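S.K.:
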Amino acid sequence: MDIRHDIAAIAAGSIKAFEKLYVAYYNKVLTYTSILLQDSAKAEDVTQNVFLKLWRNRDRLKEDGQLDSYIYITARRAVLDVFREEGYAVKYQEWAKSKQMEESPDAYCLKEIESIAASVIDGMPPRRKEIFIMSRVEGLQAKEIAEKLGLSVHTVNKHIALALSMLKEKMGDFLPIALALLYFDRIW
Numbered sequence: 071m072d073i074r075h076d077i078a079a080i081a082a083g084s085i086k087a088f089e090k091l092y093v094a095y096y097n098k099v100l101t102y103t104s105i106l107l108q109d110s111a112k113a114e115d116v117t118q119n120v121f122l123k124l125w126r127n128r129d130r131l132k133e134d135g136q137l138d139s140y141i142y143i144t145a146r147r148a149v150l151d152v153f154r155e156e157g158y159a160v161k162y163q164e165w166a167k168s169k170q171m172e173e174s175p176d177a178y179c180l181k182e183i184e185s186i187a188a189s190v191i192d193g194m195p196p197r198r199k200e201i202f203i204m205s206r207v208e209g210l211q212a213k214e215i216a217e218k219l220g221l222s223v224h225t226v227n228k229h230i231a232l233a234l235s236m237l238k239e240k241m242g243d244f245l246p247i248a249l250a251l252l253y254f255d256r257i258w
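Heads up: the sequence shown runs through residues 71 to 258, numbered per the working numbering.
Laid out in structure tokens, this is it:
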């Protein structure tokens, strides 16, 4: 997908270009919002709203802008809006004040999660790391990875399972957030 061309087409009002973007990003955004909200119905609503906002503000899109970042930030803000509506904002603000961090609590937490996940992934055996990145970052299916690397699908699935097990052991409750960050290419 030629992002610059598509962004220009979307900004000009091309529904076809927007549909292409929607198909490319919908599952990533839905996964991210589902992980944060822990409610599939709310996550679907938030995800739809993210794309609705993107369409409504299409004239503000810039060809040289970071579309991934824009979508990720819009989704995060939409999730925070849901939290605010449900009364989580007060708890979140109290937590942020208790940490007395120089940078925003969101940025601090994401950096910590990214750092831990990156170190776990970097510590994997080379083949496992390669397969895991192809699966989770590049979005390839096990069959595609097996064909590219000359391995069996079973071997690929075994490496992915072992990689996820390593991450789960080290990340605990933060594993879903780490996996969401991988979808948005935030780690590395």
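By construction, the Cβ of each residue, glycine as well, lies at the ideal position given by its N, Cα and C atoms. All values derive from a computational prediction rather than experimental measurement.
Quick one: measure Cβ to Cβ for Ala79 and Ala87, integer angstroms, because I've assumed they're closer than 8 Å.
M.R.: 4 Å
S.K.: Quick check for students: name the residue ranges of the beta strand (DSSP E) that lie wholly in the stretch 80-165, counting only runs of 3 or more.
M.R.: none
S.K.: Leaving out five residues before and five after Val226 in sequence, what residues of the same chain have Cβ atoms less than 6 Å from its Cβ?
M.R.: Ile201, Ala212, Ile215 and Ala216
S.K.: What is the C-beta distance between Pro246 and Ile77, in whole angstroms, given that I count them as a contact (C-beta under 8 Å)?
M.R.: That pair is no contact at about 29 Å.
S.K.: Can you give me the Cβ contacts of Tyr96 inside the same chain, cut-off strictly under 8 Å, excluding the 5 residues immediately before and after it?
M.R.: If the five residues before and after Tyr96 are omitted, its C-beta is found closer than 8 Å to the C-beta atoms of Thr117 and Phe121, all from its own chain and listed in chain order.
S.K.: State buried or exposed for Ala82, treating a residue as buried only when at least 16 other CB atoms are found within 10 Å of its CB.
M.R.: The residue is exposed, with fewer than 16 neighbouring Cβ atoms inside 10 Å.
S.K.: Have a look at Glu155 and Ala148 and give me their C-alpha separation to the nearest angstrom.
M.R.: 11 Å
S.K.: Should Leu237 and Ala187 be called a contact, given that it needs their Cβ atoms to be closer than 8 Å?
M.R.: Pairing Leu237 with Ala187 gives a Cβ-Cβ distance under 8 Å.
S.K.: Please report the residue range of the alpha helix (DSSP H) in which Ser205 lies.
M.R.: Pro196 to Arg206
S.K.: Here's the rule I'm using: 16 or more other beta-carbon atoms within 10 Å means buried, otherwise exposed. How should Lys98 be labelled?
M.R.: buried
S.K.: Quick check on this structure: which residue in Ser84, Arg146, Val207 and Asp115 has the alpha carbon closest to the alpha carbon of Asp129?
M.R.: Ser84
S.K.: Return the residue from the list Glu208, Ser189, Arg146 and Lys181 that minimises the CA-CA distance to Lys123.
M.R.: Answer by Cα proximity: Arg146.
S.K.: Curious, which full-length alpha helix (DSSP H) runs of at least 4 residues does the stretch 217-249 contain?
M.R.: Within the stretch 217-249, the complete alpha helix (DSSP H) runs of at least 4 residues are 223-241.
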